[in-house]
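Residue numbers (the working numbering), protein chains in the order written: chain S, 2 to 117; chain Y, 38 to 152.
Don't be surprised by glycine CBs; every beta carbon is placed ideally from N, CA and C.
No experiment lies behind these values; they were computed from the predicted model shown.
Take a look at the structure set out below.
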Amino acid sequence: GAVVSQHPSWVICKSGTSVKIECRSLDFQATTMFWYRQFPKQSLMLMATSNEGSKATYEQGVEKDKFLINHASLTLSTLTVTSAHPEDSSFYICSASRGRSYNEQFFGPGTRLTVL
Amino acid sequence: AQKITQTQPGMFVQEKEAVTLDCTYDTSDQSYGLFWYKQPSSGEMIFLIYQGSYDEQNATEGRYSLNFQKARKSANLVISASQLGDSAMYFCAMREPLTAQKLVFGQGTRLTINP
């Protein structure tokens, strides 16, 4: 159990377009979902935390208007990169939590975004 | 200030040898959790082991053990009898306080197991 999926697994888009990435908890209800960004050979950096039905909490330095997060249901969160530019090219990983227990955060397989 | 420090960018180990990956952390909280994750080239994050700040014994999970030295604020990962499939990036992470859900990751160590 506790499987998190992401779609798409990779995407290539033109500069200026918007890209939506989905994160789904397949067999549990996720009270909280997290979005991370990972540049090549670097660590994961938390972008935002989202709770179902409420606005996401963004980390310092992350542009809210550029990275739109919607957590519409207990099994789905979406990250939309608006007006993407080459510097947004990165590996985006979501994770989902169903409670407060220490090991209750499960990671998706990630989405590789390349902006041309 | 860096919350999680992994000082080894890369490690090379012979197959079947044990390997220790270093992790030090910085916190003023008494309640926190420490995690190790493995990230193979496919990109998925695989949870390996967890240590709570109040846990008196070092955590173990199969070939993985966590050498927790609270006074030194270190939480090193020990992999016994390394295998070729252990080659990956390894990240140490902290959750503080323990009731928070946010994870802060270290910079990672790339482990390569040589046959």
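| Check | Outcome |
| --- | --- |
| Helix, strand or coil: which one does DSSP assign to S/Leu117? | coil |
| List the residues of chain Y that S/Pro110 touches, going by C-beta distances under 8 Å, in chain order. | Ser79, Gly80 and Glu81 |
| What does S/Ile94 reach in chain Y if we use C-beta pairs closer than 7 Å? | Met82 |
| Roughly how many angstroms separate the alpha carbons of S/Val12 and S/Tyr93, rounded to a whole number? | 11 Å |
| Mind checking if S/Leu75 is an interface residue toward chain Y, Cβ cutoff 8 Å exclusive? | no |
| Under 7 Å between beta-carbons, which chain Y residues line up against S/Ser44? List them in chain order, please. | Phe128, Phe142, Gly143, Gln144 and Gly145 |
| State the DSSP-derived secondary structure class of Y/Gly80, mapped to helix, strand or coil. | coil |
| Name the DSSP bridge partner or partners of S/Cys14? | S/Val116 |
| Could you pull out every residue in the same chain whose Cβ sits closer than 7 Å to the Cβ of S/Glu53, ignoring the five residues on either side in sequence? | Thr32, His72, Ser74 and Leu75 |
| Would you mind giving the Cβ-Cβ distance between S/Gln7 and S/Gly111, rounded to the nearest angstrom? I have them listed as a contact below 8 Å. | 6 Å |
| Considering only DSSP beta bridges, list what S/His8 is partnered with. | S/Glu23 |
| By a C-beta neighbour count over all protein chains shown, 10 Å radius and 16 as the cutoff for buried, is Y/Thr44 buried or exposed? | exposed |
| Do we get a CB-CB distance below 8 Å when we pair Y/Gln67 with the residues of chain S? | no |
| Using a C-beta cutoff of 8 Å, does S/Ser55 count as contacting chain Y? | no |
| Where does the unbroken beta strand (DSSP E) through S/His72 begin, and where does it stop? | Phe68 to Ser74 |
| What does DSSP give as the partner residue(s) for Y/Met48 in the beta ladder? | Y/Leu148 |
| Counting only runs of 3+ residues fully inside the region 29-91 of chain S, write out the beta strand (DSSP E) ranges in chain order. | 33-39, 45-52, 68-74 and 77-82 |
| Report yes or no: do three or more beta-carbon pairs, one from the region 74-89 of chain Y and one from the region 54-64 of chain Y, lie closer than 8 Å? | no |
| Rounding to the nearest angstrom, what Cα-Cα distance links S/Lys56 and Y/Thr97 in this structure? | 38 Å |
| Could you give the DSSP three-state label for Y/Gly143: helix, strand or coil? | coil |
| Give the interface partners of S/Ser98 over in chain Y, defined as CB-CB distance under 8 Å, in chain order. | Gln138 |
| Who are the neighbours of S/Leu47 on chain Y, taking C-beta pairs under 9 Å? | Lys139, Leu140, Val141 and Phe142 |
| Can you check whether the CB of S/Ser19 is closer than 8 Å to the CB of S/Thr79? | no |
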